[in-house]
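Residue numbering for the sequence shown is -22 to -1, 1 to 703, as defined by mature numbering (1 follows the signal peptide of the UniProt record, and there is no 0).
Note that beta-carbon positions come from the ideal geometry of N, C-alpha and C, so glycine has one too.
Accompanying notes for the structure given below.
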Amino acid sequence: MRLKTILFSAAAIVATPCLALAQAAAQTAAPAAAQGGPSAAPKSAPAAVEGVTVTGDGAAMRSSIDRRSYSVSNDLSARTGSIADALRNIPSVEVDVQGNVSLRGDSNVTILIDGKPSGMFNGDGRGDALQAMPADQIDRVEVMTNPSAAFRPDGTAGIINLVTKQTRKPGATGTLRANASTDGRYNGGVSGNYVNGKLTLSGDAGFRHEQQKAWQTIDRTTAAGTSSQDGVFENEGDMVNLRGGIDYDLTPKDRLSGEVRYRRMQFDTTGDETYETTGAFPDYTRATDAAMKRDNKAVSADWRHQFKGSEHQLTAHLEYEQTDFSRNSTAFTDYSAGADVYELFGFGADQERTNFKTDYARPNVGGGTLKTGLDFEWVKNDYDNHGSTGPSLGSQTLDPARTNRFLFDQDVYAAYVTYEKAFGDFTAQGGLRAEQVQINGDQVTGGQTFENDYFKVYPSLHLGYTVNENNTFKGSYSRRVQRPQVQDLNPYRVYQDPQNYRAGNPYLKPQVTDSFELGWQYRKGPAYYLATAYYRSSEGVVTDVVRDLGDGVLLTTRENLNKSRNGGLELVANGRLTPKITYNVSANAFWNEIDAGNLGFSGTRSATTLSGRANVNWQATPKDFFQINAFTSGKRLTPQGHREPFQMVNLGYRRKVNDKLSFVVTVQDALDSFEDKAVTDTPTLKDVTLRTANVRAIFFGFTWNFGGGKPRPEQFDFGSGAVGG
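Encoded structure:
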């Protein structure tokens, strides 16, 4: 496995400059990209977060002063797979086998949909949601490693914004999609739009069925002895996604919009585990049956007033969202010595979120652009755990140690201002965000309450210098925060199995990170090259810590580290090798140092990680399109050990029948190499946990565009290259 990782990483790092040289030789055969300024806004504003400059149609990669934007319209894995599958092909982004997302090695990432937060991506179920939600309605992925002060500072790694597809063609149009795999997975959806004068109606409906088999092994050595735990789990479930939207132009300058959304994710899991040990704890076998459901409902209203000039506008947004999560399970544990145990567990988490946001943008203020706004958010959480045990079914009694209720409210009141101005070839954007946070927690069962009110400011700075029409230098700084999640603060222990417990820490403090970047960008015709050096310094890093409770039983909780530092160099190349072959490759050399001395572990530890990805597209004929993409993620440091590298290779083929109909075939995890291995190695505890799943599958699908007007181009051609700058 280590040799495979080294080869993957070395290939990505070597390929980046080599493809750049090959690109230069091939440019004479490739048409130059269209060059131009920002286009006028269409009838309905795109779903992208404001700020990306667009030049050319369907650019694979775009950039602006504070972000990069990647098209997934030509990613065949996104056509048939989940959002997690689409993110795995995005530079800087990593997604492990459990759906956990990280950005340049930092898992504290904020995920938005069309610039707005979603309850589906909060809490422990975020990884499940990313692996269950289909990606076929995602148009672009925006990556902001140093967002400006106009954005919330949550997420020390930065922001990933999922931009959904928007169609504003006159008349009625729509798209029908369906895909099925060789292992019983399938998904489908329909989207439609109706445009008539001042009125625009849009809607989406999607369904995804997942089934997967997973394996987990845990080898553990403690003072009590050695143990081995093996489990096999079968997961099956469905995801439903519904959305309806309306835009109405009240006047030529005023637009009123509304949207309703409903998402449901429902999974059933059965598991069989065996536990063997040399210690005093008895061996056992364990059978589990669990049902999980997550409902997400939201309604929002928007108003936009356009002043004279396309960039002078005032917007207001009001949204209410409710997310209900439940997990109920039964377990039977057959001990080799002593009485057997039947267990019933229930876990519920309900969240209500209300958000009001207003933004004002005005150009030509002292020769620059001024943006300011208010952002208020009120969040209420209700966590309810209950458990009962007994020697047989129907004879269980309530277990107080596994029953508790936790209430948590968080209100955030924020105001921001940014100002951007060009001084010849030099551009500067400065910003400041001020936030007042009010937190109230109530551990109802234990009678514990706590409050935490604080005021903080978050500055940002972005600089750009244009050397010539092809070369640009950029620098940036931002301060970010990682607030503890609700479940991180609940002190009651959550029972996972006889050997594993999890608990929160009500004394957790927010993690604050200062992030610096310096980059060089080259763009000419279809070629785009980017080199970025970055450095992050964090105080009070929130991390998992594992403690031995005795008899081989472990408790995982959350703690604040003293500090952490990391930095690295990221290389990205995008362009054309021949008139029919395009590529996108990236590599990241990442250094990380953590200080866990305050937790009683060895003081400062450091490690260097290599990761990379490559995507090659071949337009064999006007109707036949082939694709291969691969990635590898290097070794990642943890306070008590590390996580092993992982990698994946995907293949794809698309056949365009006509302008309305196309078929697609994809092979996911073609080499069957995707796995997750975590190692804990301290003087008193050694633990190796390996998780694998039958990710490999072949998908068959089709897309049919219907309705009036010319259908949206399939965008086979990457020739327009990267834009912006």
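Endpoints, the alpha helix (DSSP H) within which residue i is located
| i | result |
| --- | --- |
| D466 | 464 to 467 |
| A56 | 54 to 58 |
| R104 | 104 to 110 |
Close-in-space but distant-in-sequence residues of the same chain around residue i (CB under 8 Å, 5 per side omitted)
| i | result |
| --- | --- |
| A56 | V50, D63, A64, N67, A113, D114, I116 |
| D647 | M626, V627, N628, V673, R674, A675 |
| V531 | F259, P476, Q477, N478, Y479 |
Supposed contact pair residue j and residue i - C-beta distance, whole angstroms, cut 8 Å
| i | j | result |
| --- | --- | --- |
| P125 | Y262 | No, P125 and Y262 are not in contact; Cβ-Cβ is about 49 Å, not under 8 Å. |
| G419 | L486 | About 11 Å separates the two Cβ atoms, so there is no contact after all. |
| L179 | V168 | About 14 Å separates the two Cβ atoms, so there is no contact after all. |
| V75 | A671 | 6 Å |
| A309 | A265 | 7 Å |
| N213 | Q194 | Going by Cβ atoms, the distance from N213 to Q194 rounds to 12 Å, so no, they are not a contact pair. |
| A110 | S60 | 6 Å |
Where residue i falls, given that 16 or more other Cβ within 10 Å makes a residue buried
| i | result |
| --- | --- |
| P488 | buried |
| S288 | exposed |
| P600 | exposed |
| V435 | exposed |
| P462 | buried |
| L90 | buried |
| residue 747 | Lying before the first or after the last residue shown, residue 747 is absent from the chain, which here runs from -22 to 703. |
| L616 | At residue 616 the sequence reads Thr, which differs from the Leu that was named. Classification of T616: buried, given that the 10 Å Cβ count is 16 or more. |
| Q474 | exposed |
| Q426 | exposed |
| A276 | buried |
| N363 | buried |
| G162 | exposed |
| E447 | exposed |
| T123 | buried |
| residue 704 | Past the edges of the chain, shown from -22 to 703, lies residue 704, and the structure says nothing about it. |
| N86 | buried |
| V519 | buried |
| D250 | exposed |
| V210 | exposed |
| G365 | buried |
| residue 712 | Since the displayed the chain opens at -22 and closes at 703, residue 712 lies outside it and no answer follows. |
| V635 | exposed |
7 Å CB neighbourhood of residue i in its chain, flanking five on each side removed
| i | result |
| --- | --- |
| S159 | A675, I676, F677 |
| N342 | none |
| L348 | R340, Y397 |
| T199 | K664 |
| N78 | S85, G105 |
Other residues of its chain near residue i: CB distance less than 6 Å, five sequence neighbours each side excluded
| i | result |
| --- | --- |
| D216 | H187, Q244 |
| L639 | W682 |
| T405 | G442 |
| A656 | R621, T667 |
| R471 | Y479, A481 |
| N359 | Q329, F386, V464 |
| G685 | A150, T151, G152 |
| R242 | V218, D273 |
| P369 | A317 |
Where the beta strand (DSSP E) through residue i begins and ends
| i | result |
| --- | --- |
| L179 | 177 to 200 |
| I61 | Careful: I61 lies outside any beta strand (DSSP E), inside the alpha helix (DSSP H) at 61 to 65. |
| M217 | 203 to 229 |
| Q407 | 404 to 421 |
| F433 | 426 to 444 |
| R614 | 614 to 616 |
| K664 | 664 to 671 |
| L385 | 382 to 401 |
| D526 | 520 to 528 |
| L532 | 531 to 538 |
| N566 | 559 to 573 |
| L154 | 149 to 159 |
| T256 | Taken as a continuous stretch (DSSP letters only), T256 belongs to no beta strand (DSSP E), as it is neither H nor E. |
| V173 | 164 to 174 |
| I43 | Note, I43: premise wrong, no beta strand (DSSP E); not H, not E. |
| T610 | 602 to 611 |
Cβ of residue i within 9 Å of any chain D Cβ
| i | result |
| --- | --- |
| G346 | Absence of chain D from the displayed structure is noted, only one protein chain being present. |
Item to complete: Pick out the complete beta strand (DSSP E) segments inside the segment 480 to 517, 3 residues or longer, and give them in chain order.
Response: Those beta strand (DSSP E) runs which fall completely within the segment 480 to 517 and span 3+ residues are 489 to 502, 505 to 517.
Fill in: Contained beta strand (DSSP E) runs [length at least 3] in the segment 282 to 365, N- to C-terminal order
Taken in chain order, the complete beta strand (DSSP E) segments of 3 or more residues contained in the segment 282 to 365 are 291 to 313, 319 to 343.
Worksheet item: Quick one: complete beta strand (DSSP E) runs, 3+ long, within the segment 634 to 659?
Response: Restricted to the segment 634 to 659, the beta strand (DSSP E) segments that are unbroken, complete and at least 3 residues in length are 639 to 646, 653 to 659, listed in chain order.
Fill in: Any alpha helix (DSSP H) of 4 or more consecutive residues that is wholly inside the segment 108 to 137
Runs of the alpha helix (DSSP H) inside the segment 108 to 137: none found.
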